[in-house]
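Down below is the structure, laid out as structure tokens.
Residue numbers (this note's numbering): 48 to 262.
What follows is the structure in structure tokens.
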């Protein structure tokens, strides 16, 4: 079966050797490190509308709207424009690299084979590692940017890796749900992206418990 697909990966980020970290600022700085050798920061937001639902209607309100409003109140005090905060980049391999508010996010270009998507995902790892190296050169010797390809931070926040599949608009939404829902559920067994430990180990009484999936 021929299918166009891709991955989006949100990386965890922190800085060692400091008492507190503005992870949004560090995510912005990390992405902007890619531009040091002439890459252009350019993205067209005109066609982006999170309220436009794939089922054919436009939602009046989303749960994320409250979060976005809170982010706006914080971000409006930053000495940066909206475009600078997002730091959206289109890379030479066709990938998208940007600040997803508290996470540097790498989105692969469109792929049609497993070999392609594995190669593009590994390219993203190398790109972020190089940006971290450049960022660390600007920090004091006692501090170091650290990136994590994980999906929870043990403080109740979950994030991670999203997979995308190109599907014709002619396919009914109910048919898509019926076809992909069993896959999304059963794949937790073999690709659950789980972890050791829980979000509240001290309260659970089961330190070191293994979770098959992060959610």
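Glycine residues also receive a C-beta, built at the ideal position from the N, C-alpha and C atoms.
Hey, quick one: how far does the alpha helix (DSSP H) through residue i stretch, first residue to last?
i: residue 245; result: It is not in any alpha helix (DSSP H) - residue 245 carries neither H nor E in the DSSP assignment.
i: residue 172; result: 161–185
i: residue 76; result: 70–79
Using beta-carbon positions only, say whether residue i and residue j come within less than 7 Å of one another.
i: residue 209; j: residue 95; result: no
i: residue 211; j: residue 53; result: yes
i: residue 179; j: residue 192; result: yes
i: residue 59; j: residue 197; result: yes
i: residue 141; j: residue 156; result: yes
i: residue 136; j: residue 195; result: no
i: residue 99; j: residue 105; result: yes
Residues in the same chain with beta-carbon distance under 6 Å from residue i, minus the five sequence neighbours each way, listed in chain order, please.
i: residue 213; result: 51
i: residue 68; result: 61, 62
i: residue 171; result: 153
i: residue 77; result: 151, 178, 182
Can you tell which of the options has its C-alpha closest to the C-alpha of residue i?
i: residue 190; options: 49, 58, 66; result: 66
i: residue 133; options: 230, 79, 245; result: 79
i: residue 216; options: 144, 101, 72; result: 101
i: residue 144; options: 200, 174, 226; result: 174
i: residue 167; options: 188, 139, 186; result: 139
i: residue 202; options: 237, 245, 223; result: 245
Give the range of the beta strand (DSSP E) segment to which residue i is assigned.
i: residue 143; result: 143–146
i: residue 233; result: Unbroken run through residue 233 is the alpha helix (DSSP H), 220–233; no beta strand (DSSP E).
i: residue 154; result: 151–154
i: residue 208; result: 208–212
i: residue 193; result: 191–195
i: residue 54; result: 52–57
Give every residue of the same chain whose Cβ lies closer than 7 Å to the Cβ of residue i, excluding the five residues on either side of it in the sequence, and list them in chain order.
i: residue 235; result: 259, 260
i: residue 149; result: 70, 71, 74
i: residue 207; result: 57, 198, 240, 261
i: residue 220; result: 101, 102
i: residue 257; result: 241, 243
i: residue 223; result: 214
Report back the beta-carbon spacing between residue i and residue j to the nearest angstrom; my notes put them in contact at under 8 Å.
i: residue 74; j: residue 146; result: 5 Å
i: residue 243; j: residue 226; result: Not really, about 33 Å apart at Cβ, beyond 8 Å.
Skipping 5 residues on each side, what residues in its chain have a beta carbon closer than 8 Å to that of residue i?
i: residue 164; result: 52, 53, 54, 155, 158
i: residue 109; result: 97, 98
i: residue 232; result: none
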